[in-house]
Amino acid sequence: MLKVENLHVYYGGIHALKGISFEVPEGKIVTLIGANGAGKTTTLRAICGLVDAKGSIKLKGEELIGKPTHEIVQKGIAMVPEGRRVFPNLTVMENLLMGAYYRNDNSIEKDLEWIFNLFPRLQERKWQKAGTLSGGEQQMLALGRALMGRPQLLMMDEPSLGLAPLLVREVFKVIKKINEEGKTILLIEQNARAALKIAHYGYVLETGRIVMEGPGEELLNDDRVRRVYLGEA
Amino acid sequence: MGIVDLFQQLANGLSLGSLYALIAIGYTMVYGIIRLINFAHGDVMMVGCYLAYFGVLMFRLPWQISWILAVLLTSLLGVSIYIGAYKPLRRAPRISALITAIGVSFFLESLGLVIFGGRPKAFPRPPAFDIGLNIGGVYLVSFTLWIPLITAILLVGLVYLIYKTKIGMAMRSVATDIETTSLMGVDVDKVISFTFAIGSALAAAGGIMWAIKFPQINPYMGIMPGLKAFIAAVFGGIGNIFGAMLGGFLLGMIEILVVAFMPSIAGYRDAIAFGILIVVLLFKPTGLLGEPLKEKV
Ligand SMILES: Nc1ncnc2c1ncn2[C@@H]1O[C@H](COP(=O)(O)OP(=O)(O)O)[C@@H](O)[C@H]1O
Ligand SMILES: [Mg+2]
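Here it is, written out as structure tokens:
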């Protein structure tokens, strides 16, 4: 589905991504784990065209580099950005409709119902300003908003960040469920354990390079990963 | 001052305030969406006036058609200014766009001078706007009522557009977070262009009615109303459209009433607005309805 090859990103003099390559096969959950500052967010931003990048990013064979963000999104990539970034002064309903902004089919109503089924709490708060939601509710809204675009590929940047452990579990359960319904997912996490548990395949990012890769289960049991990313002795 | 005089002055204040409000909205919408003070806005209003003028006197169009065409063409001018001058600078430091705005302002004024000539022209006032009325002893010319009426219709339409339509929703989301709006698959430049179109259309409507009230038009006519409308926008809380409306109406009222009650300072009329600006900046820099300034992400 998504194929990234030899991706480089520079911020002025900083070489943030030093030629990374990875793949997200259709129907799978792939995760990119790594410490703070490893380049995870930069990778997602490059895929969305929010930062200039060199190399190749192909969605179903079509090159995305150089395209403006809104076109990339319209081709079927949705992102739940770092820090959720819901529109605080828009209502919950309006936030969801923003997610479907570029669509002009007539199943938007049906998808709203699907989202409200997935997150009943959003339905209760439909007419509330998104800025008044709790952190967990905002995360669900950001996820619901991304799904409203009916993306082929859903990318999530640290969805568990800043959430209470109970909510983190809930969020990961939902991610798994969405995947089981057929969505392809690229998940970025510092919470490596939770991410690897649900991911089919994982990559480990260290200061702009991929240093390790393998099926989620395998990485979870890898000594080095356990020591460095799972905080085990 | 008698009660009759007071009503007279209130009506004048209302119509002047309407014009400030209409023009102030353009400043505040553009500021709200890209944090730019569009100093060319007053000059856009001037172009709108001339277009309406030529529509009637040169192309012999009925005034209604001529006004509507002038409003539409002025909104195109606003879009062209965005695409030509500001869009290339969207990622540049804010000061670059600000300097460019001043440049665009001079450009429009000079272009006006070349094309329209420097000599003031008498703007034709349609008969319907020129009827003398005596309402219980209050003498008014009919435009004094038309102006707030047309303004009210435009403002209701604007609020509907911003709060009840899809494009309005996108305008509000661009105003809070451009980047995330683009992640929704929205072509942000289209939304910003549309905002310029609306702001410029309202400026043209305000300008035409300005010329009905003060029927002498010249290429520099946009400067003073532009500045005052800008002050009105700051007064109300820049970035907030209700603030611009409130600020516009208040500024118009204050200006008229101060002069009416203190005729001795009538000569300093224009200074009132600047006095208000100084007071606002000192005591409530975010304006009457403004939210605490948040640096944009
Ligand atoms: N806008 C930016 N300007 C300069 N450097 C940046 C910018 N964004 C990120 N970086 C740098 O790029 C590197 C990768 O950052 P990021 O992709 O945010 O990492 P992660 O999401 O894995 O924590 C870091 O060294 C960070 O300091
Ligand atoms: Mg990050």
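Chains as they are written, first to last, in this note's numbering: chain A, 1 to 233; chain B, 234 to 530.
Idealized CB from N, CA, C, for every residue including glycine.
All of these numbers come straight from a predicted model, not from anything done at the bench.
Report the three-state DSSP secondary structure of residue i (helix, strand or coil).
| i | result |
| --- | --- |
| A325 (chain B) | coil |
| Y315 (chain B) | helix |
| R358 (chain B) | coil |
| V24 (chain A) | strand |
| Y102 (chain A) | coil |
| M454 (chain B) | coil |
| M93 (chain A) | helix |
| N179 (chain A) | helix |
| I471 (chain B) | coil |
| Q449 (chain B) | strand |
| K40 (chain A) | helix |
| A273 (chain B) | coil |
| L163 (chain A) | coil |
| P235 (chain A) | Lying before the first or after the last residue shown, residue 235 (chain A) is absent from chain A, which here runs from 1 to 233. |
| G19 (chain A) | strand |
| S107 (chain A) | coil |
| K517 (chain B) | coil |
| G13 (chain A) | coil |
| R121 (chain A) | helix |
| K249 (chain A) | Summary: the structure shown does not reach residue 249 (chain A), with chain A confined to residues 1 through 233, and so no result is reported for it. |
| S134 (chain A) | coil |
| M402 (chain B) | helix |
| R352 (chain B) | coil |
| E524 (chain B) | coil |
| D503 (chain B) | helix |
| M140 (chain A) | helix |
| N221 (chain A) | coil |
| Q241 (chain B) | helix |
| G440 (chain B) | helix |
| M417 (chain B) | coil |
| V512 (chain B) | helix |
| C282 (chain B) | helix |
| P496 (chain B) | helix |
Can you tell me which residues form a DSSP beta bridge with residue i?
| i | result |
| --- | --- |
| T31 (chain A) | A:L187, A:G202 |
| D157 (chain A) | A:I188 |
| R209 (chain A) | A:E206 |
| A78 (chain A) | A:L154 |
| G365 (chain B) | B:V374 |
| E5 (chain A) | A:S56 |
| G214 (chain A) | A:G202 |
| E63 (chain A) | A:K58 |
Report the residue from the options whose alpha carbon sits nearest the alpha carbon of residue i.
| i | options | result |
| --- | --- | --- |
| G275 (chain B) | B:G259, B:I267, B:F287 | B:G259 |
| V277 (chain B) | B:N451, B:L484, B:L294 | B:N451 |
| S251 (chain B) | B:N367, B:L382, B:A403 | B:L382 |
| L331 (chain B) | B:I270, B:G311, B:T377, B:S375 | B:I270 |
| K517 (chain B) | B:W300, B:V304, B:F468 | B:F468 |
| K399 (chain B) | A:M148, A:Y102, A:K110 | A:Y102 |
| Q74 (chain A) | A:N104, A:E170, A:V24, A:S160 | A:N104 |
| P360 (chain B) | B:F272, B:W296, B:V421, B:W443 | B:W296 |
| I316 (chain B) | B:K423, B:M457, B:A466 | B:K423 |
| Y201 (chain A) | A:A38, A:K28, A:L118, A:G13 | A:K28 |
| S308 (chain B) | B:C282, B:W443, B:F287, B:F463 | B:C282 |
| E524 (chain B) | B:G470, B:V389, B:A437 | B:G470 |
| T333 (chain B) | B:K461, B:A273, B:G246, B:L243 | B:A273 |
| R145 (chain A) | A:I77, A:I210, A:I65, A:N36 | A:I77 |
| V337 (chain B) | B:G311, B:A466, B:L435 | B:G311 |
| A437 (chain B) | B:F494, B:L416, B:L483, B:T384 | B:T384 |
Drop a sphere of 10 angstroms on the beta-carbon of residue i, count the other beta-carbons inside from all chains shown, and report buried for 16 or more, exposed for fewer.
| i | result |
| --- | --- |
| S532 (chain B) | With chain B running from 234 to 530 in the structure shown, residue 532 (chain B) is simply not present. |
| Y229 (chain A) | buried |
| P326 (chain B) | exposed |
| D503 (chain B) | exposed |
| Y319 (chain B) | buried |
| L284 (chain B) | buried |
| E124 (chain A) | exposed |
Looking only at its chain, what residues have a beta carbon closer than 7 Å to the beta carbon of residue i, apart from the 5 residues adjacent to it on each side?
| i | result |
| --- | --- |
| N89 (chain A) | K129, G131 |
| P448 (chain B) | A355, F356, R358 |
| G162 (chain A) | G135 |
| F240 (chain B) | V371 |
Near residue i, which residues of its chain fall below 8 Å by C-beta distance, leaving aside the five closest residues on each side in sequence?
| i | result |
| --- | --- |
| I474 (chain B) | I258, T261, M262, G265, L391, V392, I395 |
| L50 (chain A) | T69 |
Go through its chain and collect everything with a Cβ distance to residue i's Cβ below 6 Å, but skip five positions before and after it.
| i | result |
| --- | --- |
| F22 (chain A) | V4, Y203 |
| M454 (chain B) | M279 |
| F362 (chain B) | S375, F376, W379, I445 |
| V225 (chain A) | L219 |
| D52 (chain A) | none |
| S299 (chain B) | A285, G288, V289 |
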